[in-house]
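Engineer: Take this structure first; my questions come after.
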């Protein structure tokens, strides 16, 4: 078990330093958003406080910390973990909520760092009204994303003690206010929340501000692979206690305010003036940390999308020996520029609140749909437990969706636009892959072997290479990609002394490389499976050279080259790698949606790693070929005249 997943004080601190940053800084702006800084009507305060309490208990605790954390895919969490677990049901519709959830969570990744950091830094304006906030926010965001390359464990060790101080501070500040007005505890009654939503003027719309208290819950689930469910659950028991103390404390403070009071920030107004500089400093650090849970969650999300073939292969780095702790440079800088765009477009955190929440509530709804389907299909719980639970979640989230829809004209359009754009890219990429999969075929290896024998013994053919290597998609030694058979026969036949068909896989261990091989034709053809630890680079050329060395030592194959000039001059036998890509043929009619999907697919593939880069090959011994595939034959009529 890894250090970060062991139950220890250090593990709990690391977890607290990453996972709960987002949900832990919501007290900075929730009550300011609810009251607008000036409406302190007791019915509003008690009703909204009751809504905050039951939202944290039902969604954050029951749905995510209890149910969702049990639904992991080999230790990984997030909406794609649910999707992967549901693939065995063969339900086609599950990909839509999974892609919507992915798009909305990434969209939220633009907003969370911007609003968290801005809301904390704006506290400085209480003491220094003329201080320009935006340059400070921009600088902090840039530094935060530059720091990602060091890994979440390093970041967590630095941030954990700070978050411990932050949550303790929240609890103390809240408790001091509750003692002065214990009547606020009336909000514990769930009826106060129900009555508020139904009867309070505009109560349903105020839920959009209430929802801000739970926006970090989805990232909490996505970070499961980084820290493990036990660390998250134990830490959460402390975190939710401190959060509720602070929310109740802010509500108690609001109840004591005289009519006509206007506040820039409800949270900072509860802080004694002597402590204000210290609290602003800690809040600023906590707000920086708040972004971390979502950033690491998005790294996990994109990595899972790549494994599920829902996105192109990107460069992934592993700063530690933890498989779940990853860093994706391209996604990191994509998020950074998105956050900076939010800061420049919206300026103040009060403006960002209008854009915040809509995307994440859609993501939560998609998670509820997939989680409910998984619980029903797995039958781990009684239907009498599952159905009411999912209906409860959907009821909460639908109410939040309705209330957040009012934000669309005031800033919600931004997150909606980003989410829609990302969803369309994901969907079109998925459709293009499906089109390719429908026409991609495998042929029996038994049918290919006589062809290899014939090519090898054909004296009229020159040698293309001594060793000809084809990376194979199929891990089944009995099947081979039809595109490889096409390359060997239908294109110019390729004669080699030895043919290698190599399948590459990644293991759950950080380090180590091992292999298995099958002799298809002694001394002429081999099927090799290479297993790389997830931190190991796919150095295909060097690894296959070691496999060749092993077979030579076992006397299964000789070292001689097919070329006399090599043997006479002591030059090692050459290897040539043939990378076969399939390409949609133009001899068919494509519908507009298919054409759009193919074009998006090619664009997305262009920003990812090439096969040469992924396998660590050099261009000097690599041949790239394109094999045409057809979705639908088109009758071509050509009139020839002599």
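In the working numbering, the protein residues as written are 41 to 682.
Beta carbons are placed, not taken as given, at the ideal position from N, Cα and C, and that holds for glycine.
In angstroms with no decimal places, state the Cα-to-Cα distance between residue 429 and residue 290.
Structural biologist: Residue mapping note: residue 429 aligns to position 389 of the chain shown, counting from 1. Residue mapping note: residue 290 aligns to position 250 of the chain shown, counting from 1. Between residue 429 and residue 290, the C-alpha separation is close to 30 Å.
Engineer: I need the DSSP call for residue 239, collapsed to helix, strand or coil.
Structural biologist: Your numbering for residue 239 matches position 199 in the chain shown. DSSP places residue 239 in helix when its eight states are reduced to three.
Engineer: Going by DSSP, name the residue or residues bridged to residue 623.
Structural biologist: Position 583 of the chain shown, counted from the first residue, corresponds to residue 623. DSSP output for residue 623 lists 668 as bridge partner(s).
Engineer: On a CA-only basis, which of 50, 52, 579 and 71 is nearest residue 288? Give me that one, please.
Structural biologist: Position 248 of the chain shown, counted from the first residue, corresponds to residue 288. Closest by alpha carbon: 71.
Engineer: Considering only residues of the same chain and omitting the five flanking positions on each side of residue 488, which have a CB-CB separation below 7 Å?
Structural biologist: By one-based count along the chain shown, residue 488 stands at place 448. Cβ neighbours of residue 488 beyond the five flanking positions: 520 and 525.
Engineer: Taking residue 332 as the reference, which of 182, 285, 312 and 396 has the closest Cα?
Structural biologist: Here residue 332 is taken as the residue at index 292 of the chain shown, counted from 1. If we check each option's Cα against that of residue 332, 182 comes out closest.
Engineer: Rounded to whole angstroms, how far is the Cβ of residue 683 from the Cβ of residue 581, which I believe are closer than 8 Å?
Structural biologist: Nothing about residue 683 can be read from this structure; the chain reaches only from 41 to 682.
Engineer: Grab the span of the beta strand (DSSP E) containing residue 511 for me, first residue to last.
Structural biologist: The sequence position of residue 511 within the chain shown is 471, counting from 1. Here the beta strand (DSSP E) through residue 511 covers 503 to 511.
Engineer: Roughly how many whole angstroms lie between the Cα atoms of residue 347 and residue 133?
Structural biologist: As a working note, residue 347 is residue 307 in the chain shown. As a working note, residue 133 is residue 93 in the chain shown. Taking the straight line joining both Cα atoms gives about 19 Å.
Engineer: Going along the chain, which residues of its own chain have a beta-carbon closer than 8 Å to the beta-carbon of residue 553, five neighbours each way excluded?
Structural biologist: Residue 553 sits at position 513 when you count from the first residue of the chain shown. Once the five neighbours on either side are set aside, the close Cβ partners of residue 553 are 570, 571, 572, 573, 576 and 583.
Engineer: Please state the DSSP three-state secondary structure of residue 351.
Structural biologist: Your numbering for residue 351 matches position 311 in the chain shown. Residue 351 falls in the coil class under three-state DSSP.
Engineer: Check whether the Cβ atoms of residue 119 and residue 264 lie closer than 9 Å to each other.
Structural biologist: On the chain shown, position 79 is the one that residue 119 refers to. On the chain shown, position 224 is the one that residue 264 refers to. Going by C-beta atoms, residue 119 is not nearer than 9 Å to residue 264.
Engineer: In whole angstroms, what is the alpha-carbon distance linking residue 638 and residue 665?
Structural biologist: The residue labelled residue 638 in the question sits at position 598 within the chain shown. The residue labelled residue 665 in the question sits at position 625 within the chain shown. The straight-line gap from Cα to Cα measures roughly 19 Å.
Engineer: Can you give me the C-alpha to C-alpha distance between residue 627 and residue 669, rounded to a whole angstrom?
Structural biologist: Stepping through the chain shown from its first residue, residue 627 is reached at position 587. Stepping through the chain shown from its first residue, residue 669 is reached at position 629. For residue 627, the predicted model reports a pLDDT of 46, less than 50, meaning its position is unreliable; a value from the coordinates is still stated below. Whole-angstrom Cα-Cα distance: 9 Å.
Engineer: Look at the Cβ atom of residue 84, then the Cβ atom of residue 75, and state whether they are nearer than 9 Å.
Structural biologist: Position 44 of the chain shown, counting from 1, holds the residue named residue 84. Position 35 of the chain shown, counting from 1, holds the residue named residue 75. Taking 9 Å as the Cβ cut-off, residue 84 and residue 75 qualify as a contacting pair.
Engineer: Take the Cβ of residue 253 as the centre, count every other Cβ of all protein chains shown within 10 Å, and call the residue buried at 16 or more, exposed below.
Structural biologist: Stepping through the chain shown from its first residue, residue 253 is reached at position 213. By the 10 Å Cβ count, residue 253 comes out buried.
Engineer: In the segment 588 to 652, which residue ranges form an unbroken beta strand (DSSP E) of at least 3 residues, counting only runs that do not cross its ends?
Structural biologist: Listed in chain order, they are 615 to 624.
Engineer: Using C-beta distances below 6 Å, list every residue in its chain close to residue 307, excluding the 5 sequence neighbours before and after it, in chain order.
Structural biologist: Along the chain shown, one-based indexing puts residue 307 at 267. Once the five neighbours on either side are set aside, the close Cβ partners of residue 307 are 67 and 68.
Engineer: Kindly list the residues whose CB is nearer than 7 Å to the CB of residue 213, restricted to its own chain and excluding five residues on each side of it in sequence; keep chain order.
Structural biologist: What you label residue 213 is simply residue 173 of the chain shown in a count that begins at 1. Here the set comprises 286, 289, 310 and 311.
Engineer: What are the residues that DSSP puts in a beta bridge with residue 443?
Structural biologist: Here residue 443 refers to the residue found at position 403 when the chain shown is read from its first residue. According to DSSP, residue 443 bridges with nothing at all.
Engineer: What residues in its chain sit with their C-beta under 6 Å from that of residue 330, if we drop five residues either side in the sequence?
Structural biologist: What you label residue 330 is simply residue 290 of the chain shown in a count that begins at 1. 61, 62, 65 and 156, listed in sequence order.
Engineer: How is residue 403 classed by DSSP in three states: helix, strand or coil?
Structural biologist: As a working mapping, residue 403 is identified with position 363 in the chain shown. Correct three-state label for residue 403: helix.
Engineer: Once you ignore the five residues that flank residue 368 on each side, which residues in its own chain have a CB closer than 8 Å to its CB?
Structural biologist: Here residue 368 refers to the residue found at position 328 when the chain shown is read from its first residue. So the qualifying residues of the chain are 339, 342, 343, 354, 355, 356 and 357.
Engineer: Using the Cβ count rule (16 or more neighbours within 10 Å means buried), how would you classify residue 393?
Structural biologist: Residue numbering aside, residue 393 sits at position 353 when the chain shown is read from its first letter. Buried is the call here.
Engineer: Buried or exposed for residue 449, please, with buried defined as at least 16 other CB atoms from any protein chain shown within 10 angstroms of its CB.
Structural biologist: Reading the chain shown from its first residue, position 409 is the one you call residue 449. Label assigned to residue 449: exposed.
Engineer: Quick one: which unbroken beta strand (DSSP E) runs of 3-plus residues sit fully inside the segment 433 to 501? Chain order, please.
Structural biologist: Correct list: 482 to 484.
Engineer: For chain C, is any of its Cβ atoms less than 9 Å away from the one on residue 126?
Structural biologist: Chain labels in this structure do not include chain C; a single protein chain is all it has.
Engineer: Jot down the residue ranges of each uninterrupted alpha helix (DSSP H) in the segment 189 to 226, minimum 4 residues, whole runs only, in chain order.
Structural biologist: If we require 4 residues or more, the alpha helix (DSSP H) runs fully inside the segment 189 to 226 come out as 192 to 220.
Engineer: Mind checking whether residue 613 and residue 604 have CB atoms under 9 Å apart?
Structural biologist: In the chain shown, counting from the first residue as 1, residue 613 sits at position 573. In the chain shown, counting from the first residue as 1, residue 604 sits at position 564. No. Outside cutoff.
Engineer: From residue 611 to residue 184, what does the alpha carbon distance come to, in whole angstroms?
Structural biologist: For this step, residue 611 is matched to residue 571 along the chain shown. For this step, residue 184 is matched to residue 144 along the chain shown. Taking the straight line from one Cα to the other gives about 51 Å.
Engineer: Pull up the distance between the alpha-carbon of residue 304 and that of residue 77, whole angstroms please.
Structural biologist: In the chain shown, counting from the first residue as 1, residue 304 sits at position 264. In the chain shown, counting from the first residue as 1, residue 77 sits at position 37. Going by the C-alpha atoms only, they are around 6 Å apart.
Engineer: Is residue 53 helix, strand or coil by DSSP?
Structural biologist: The count along the chain shown starts at 1 and reaches residue 53 at position 13. It is helical.
Engineer: For residue 393, which three-state DSSP category applies?
Structural biologist: On the chain shown, residue 393 is found 353 positions in, with the first residue counted as 1. If DSSP states are grouped into helix, strand and coil, residue 393 belongs with coil.
Engineer: Which runs of the beta strand (DSSP E) fall wholly inside the segment 523 to 572 and span at least 3 residues, in chain order?
Structural biologist: Entirely contained in the segment 523 to 572, the beta strand (DSSP E) runs reaching 3 residues are, in chain order, 535 to 546, 553 to 561 and 565 to 572.
Engineer: Measure the C-alpha to C-alpha separation of residue 249 and residue 517 and round it to an integer number of angstroms.
Structural biologist: Here residue 249 refers to the residue found at position 209 of the chain shown. Here residue 517 refers to the residue found at position 477 of the chain shown. So the two alpha carbons sit approximately 57 Å from each other.
Engineer: Would you kindly report the start and end of the unbroken beta strand (DSSP E) that includes residue 521?
Structural biologist: Position 481 of the chain shown, counted from the first residue, corresponds to residue 521. Taken as a continuous stretch (DSSP letters only), the beta strand (DSSP E) holding residue 521 covers 519 to 521.
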